[in-house]
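Here the structure comes first, spelled out in structure tokens, and everything after it is commentary.
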Ligand SMILES: Nc1ncnc2c1ncn2[C@@H]1O[C@H](COP(=O)(O)OP(=O)(O)OP(=O)(O)O)[C@@H](O)[C@H]1O
Ligand SMILES: [Mg+2]
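In this note's numbering, the protein residues as written are 1416 to 1758.
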């Protein structure tokens, strides 16, 4: 006998793409109608991402058709932007050819270790067998060339920039294109153009993950990125103390506003192990986890303060590459594995 309960039970096996939660507990299933063996339902999404809609529609149909009591299934997917009469700010989003997932590493706050996390997670994912690219969207203060140890100038082939690679990761940064330490003094539209070009006019090839290192704040670079490509997820980096968390909440809010799924929070500079082995929590401890719980977001893990992490950044060999078995490298590798498992 087909009932609302039995159908909902089946729908609970459908996970929202990128999340471990199912579409029923997310509250996406609306208007479930059962007439004899005919089931029709509406999925109300908050994202304008057409790929998510297609994927969910397909999975729901497949899952329900498994039930022998169901003769036909009609799934209507409703999305913001799709029925809106006004201009859709995300209407110009394009997927990057050959790139399976674009993931942004962000934080409202500066200096919390976004770039450090981005390079180490990129190298860790590469070591875990993924094909990885890393895009530096920090136009005013690019760190990726230094942290990945290359200043190779990209060449141009068939009107596309060819990304240099280091430690097995394909890279693009404004740091490769401007001379030495010359400051970039561009205004918003130039930043937008550059970021569009870095995403769509670079020959990224086939990638499993394109990680994007964002500058601090919620400004031009963040907006340009979100308008240019549909992001598959965001990782938010924080340090444990309240002063950092306050600004990080803005970063979380930004992703929520533009409907980018937040894959989780990373707490960097969690603790320091003194030469005697004593654990010192310079910035306090547990703020990241508490914030993740408060916002019902996954907590991805904590990264200790470690001289090797800073040295790796300055010397262009991330700790995940120079000492993969060390505690700080393992902390990054664990987070990379958790991210990989989400897709
Ligand atoms: N866990 C850590 N242990 C030791 N040093 C660290 C750690 N995390 C980051 N650092 C160092 O702190 C400095 C700032 O880190 P990073 O540049 O990654 O921060 P950011 O958030 O990207 O900064 P910005 O906002 O300027 O882009 C760097 O010198 C980096 O090597
Ligand atoms: Mg940075």
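Cβ coordinates follow ideal geometry from the N, Cα and C atoms, glycine included.
Around residue 1558, the same chain offers 1530 as residues with beta carbons nearer than 6 Å, after the five sequence neighbours per side are excluded. The C-alpha of residue 1527 is placed about 16 Å away from the C-alpha of residue 1715.
With respect to the C-alpha of residue 1425, the residue from 1479, 1538, 1583, 1727 having the closest C-alpha is 1479. When rounded, the separation of the alpha-carbon atoms in residue 1544 and residue 1486 is 42 Å.
Residue 1470: not part of any beta strand (DSSP E); member of the alpha helix (DSSP H) spanning 1465 to 1480, first to last residue. With contacts defined by Cβ atoms closer than 8 Å, residue 1613 and residue 1540 do not form a contacting pair.
Remark: C-beta atoms of residue 1576 and residue 1616 approach each other more closely than 8 Å. For residue 1645, same chain residues with a beta-carbon under 6 Å away, outside a window of 5 residues either side, are 1464, 1508 in chain order. Proximity of the beta carbon of residue 1639 to ligand 1 is not indicated: no heavy atom of the ligand is located closer than 7 Å. Residue 1752 is not bridged by DSSP to any residue. In the same chain as residue 1443, and ignoring 5 residues on each side of it, the C-beta atoms closer than 7 Å to its own belong to 1458, 1459, 1460, in chain order. For residue 1446, the enclosing beta strand (DSSP E) has its first and last residue at 1444 to 1450. Your pair residue 1454 and residue 1619 does not check out as a contact, with CB atoms roughly 41 Å apart and the cut at 8 Å. Of the other Cβ atoms in all chains shown, 16 or more fall within 10 Å of the Cβ of residue 1647; this residue is therefore buried.
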